[in-house]
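Chemist: Encoded as structure tokens, here's the structure I'll be asking about.
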Amino acid sequence: MKKSVRKAIIAGNWKMNKTRPEAKELLEAIKPLVANAEGNVEVIACVPYTNLETAVNTVAGSNVKIGAENVHFEKSGAFTGEISADMLTEIGVEYVVIGHSERRQYFGETDETVNKRTKAALAAGLKPTVCVGELLWERETGITEEVIARQIKLDLYDVSAEDVKKTVIAYEPVWAIGTGKTATADQAEEACAFIRATLAKLYDDATAQAVTIQYGGSMNAANAAELLSKENVDGGLIGGASLKAADFNTIVQAAING
Ligand code: PEP
231 MKKSVRKAII AGNWKMNKTR PEAKELLEAI KPLVANAEGN VEVIACVPYT NLETAVNTVA
291 GSNVKIGAEN VHFEKSGAFT GEISADMLTE IGVEYVVIGH SERRQYFGET DETVNKRTKA
351 ALAAGLKPTV CVGELLWERE TGITEEVIAR QIKLDLYDVS AEDVKKTVIA YEPVWAIGTG
411 KTATADQAEE ACAFIRATLA KLYDDATAQA VTIQYGGSMN AANAAELLSK ENVDGGLIGG
471 ASLKAADFNT IVQAAING
């Protein structure tokens with residue numbers, strides 16, 4: 231991490247886990263543990279829609295911020311089952327995960343819809359975390375960089391330099407998500423540095439240097455410090471380990487000390 235240049239962010243992605251009482255209990259446990267991150271590392275919990283209001287109320291007055299796990303790109307209308315950006319900001323949500331590989335794999339998310347969601351989120355004042363990353367066979371066939379560059383170009387199409395600085399990019403190799411297989415710190419650094427170089431080509435170097443790029447994929451209490459020690463890894467998007475207060479806190483502390 232280069233905290234002197236850009237903001238380090240540790241975000242939990244709770245996926246489809248936790249009822250409202252369970253969400254409150256977990257956040258109450260996390261809050262005091264991560265209070266020392268204030269002003270140093272941003273701490274976010276991205277939670278299921280049904281938990282958002284409970285979560286926002288539970289973290290009020292603390293340094294923990296709340297994010298959603300998806301957002302629709304239209305403002306309102308005949309989109310049964312969807313949630314708009316204004317609905318999220320209205321209850322105090324500040325962040326949103328967009329284009330997570332589980333949405334790309336199971337729910338037909340495409341780079342086009344990721345791009346639309348990203349622009350809608352930014353227009354509503356939400357800070358998007360845009361997820362990119364290659365499948366295992368794409369890595370094995372040597373096209374990781376091609377895949378990531380394509381996703382970055384399409385997902386950020388027509389997003390201004392000013393807005394891209396408010397956007398977090400999460401490099402999440404699909405083969406490392408929920409599998410227990412972590413990219414090595416060198417693999418994570420290589421991909422995050424490549425994303426920054428791609429941003430520099432699309433925008434300019436100063437803009438690219440300002441963007442927070444996280445690593446995600448089986449990051450946990452044991453491997454976080456090494457991953458976060460890399461210059462271009464500015465934080466983590468954490469699934470499984472974000473559901474345990476102690477483990478999530480160990481990752482936050484690694485970011486504070488990194
Ligand atoms: C994720 O959901 O973005 C993720 C990285 O999951 P896990 O940490 O469980 O691999």
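Heads up: take any position in the sequence shown, counting from 1, add 230, and you land on our numbering.
For glycine and all other residues, C-beta sits at the position ideal for the given N, C-alpha and C.
1. Keeping to the same chain, check which residues put their C-beta closer than 8 Å to that of Lys-248; ignore five residues upstream and five downstream.
2. Looking at Val-271: is its Cβ nearer than 8 Å to the Cβ of Ala-238?
3. Could you tell me the alpha carbon to alpha carbon distance between Ala-452 and Trp-405, rounded to whole angstroms?
4. Which whole-angstrom value describes the C-beta separation of Val-362 and Tyr-401, a residue pair presumed to lie in contact below a C-beta threshold of 8 Å?
5. Opposite Ala-467 in the DSSP bridges: which residues?
6. From this set, Gly-488, Ala-267, Glu-375, Val-289, which residue's C-alpha is nearest Leu-429's C-alpha?
7. Exposed or buried, what is Gly-355 when buried is set at 16 or more other beta-carbons lying within 10 Å of its beta-carbon?
8. Hey, out of Val-327, Glu-332, Gln-335, whose CA is closest to Asn-345's CA?
9. Measure the CB-CB distance between Val-482 and Val-301 and report whether it falls below 8 Å.
10. Can the beta-carbon of Glu-419 be found closer than 8 Å to that of Asn-462?
11. Nearer than 7 Å: is that true of the beta carbon of Glu-456 relative to any heavy atom of the ligand PEP?
Modeler: The answer reads as follows:
1. As a working mapping, residue 248 is identified with position 18 in the sequence shown. The beta carbon of Lys-248 lies closer than 8 Å to those of Leu-256, Val-277, Pro-278, Asn-281, Leu-473 in the same chain, with the five residues before and after it left out.
2. Within the sequence shown, numbered from 1, the residue matching residue 271 stands at position 41. Within the sequence shown, numbered from 1, the residue matching residue 238 stands at position 8. A distance below 8 Å separates the beta carbons of Val-271 and Ala-238.
3. Looking up residue 452 in the sequence shown gives position 222. Looking up residue 405 in the sequence shown gives position 175. Whole-angstrom Cα-Cα distance: 19 Å.
4. Within the sequence shown, numbered from 1, the residue matching residue 362 stands at position 132. Within the sequence shown, numbered from 1, the residue matching residue 401 stands at position 171. For a cut-off of 8 Å, the C-beta gap from Val-362 to Tyr-401 is around 6 Å, short enough to register as a contact.
5. Numbered from its first residue, the sequence shown carries residue 467 at position 237. The identity of residue 467 in the sequence shown is Leu, whereas the question assumes Ala. Paired residues: Ala-241, Gly-446.
6. Taking the sequence shown and counting its residues from 1, the one referred to as residue 429 is at position 199. Out of Gly-488, Ala-267, Glu-375, Val-289, the CA that lies nearest to the CA of Leu-429 is found in Glu-375.
7. As a first step, residue 355 is located in the sequence shown; it is residue number 125 there, counting from the start. Exposed, since its Cβ has fewer than 16 Cβ neighbours within 10 Å.
8. On the sequence shown, residue 345 is found 115 positions in, with the first residue counted as 1. Residue Val-327 is the option with its Cα nearest to Asn-345.
9. Along the sequence shown, read from residue 1 onward, the residue named residue 482 stands at position 252. Along the sequence shown, read from residue 1 onward, the residue named residue 301 stands at position 71. No, Cβ-Cβ distance for Val-482 and Val-301 is not below 8 Å.
10. In the sequence shown, residue 419 corresponds to position 189, counting from 1. In the sequence shown, residue 462 corresponds to position 232, counting from 1. Contact flag set, yes.
11. Translated into positions along the sequence shown, residue 456 becomes position 226. No, Cβ of Glu-456 sits at least 7 Å from all heavy atoms of the ligand PEP.
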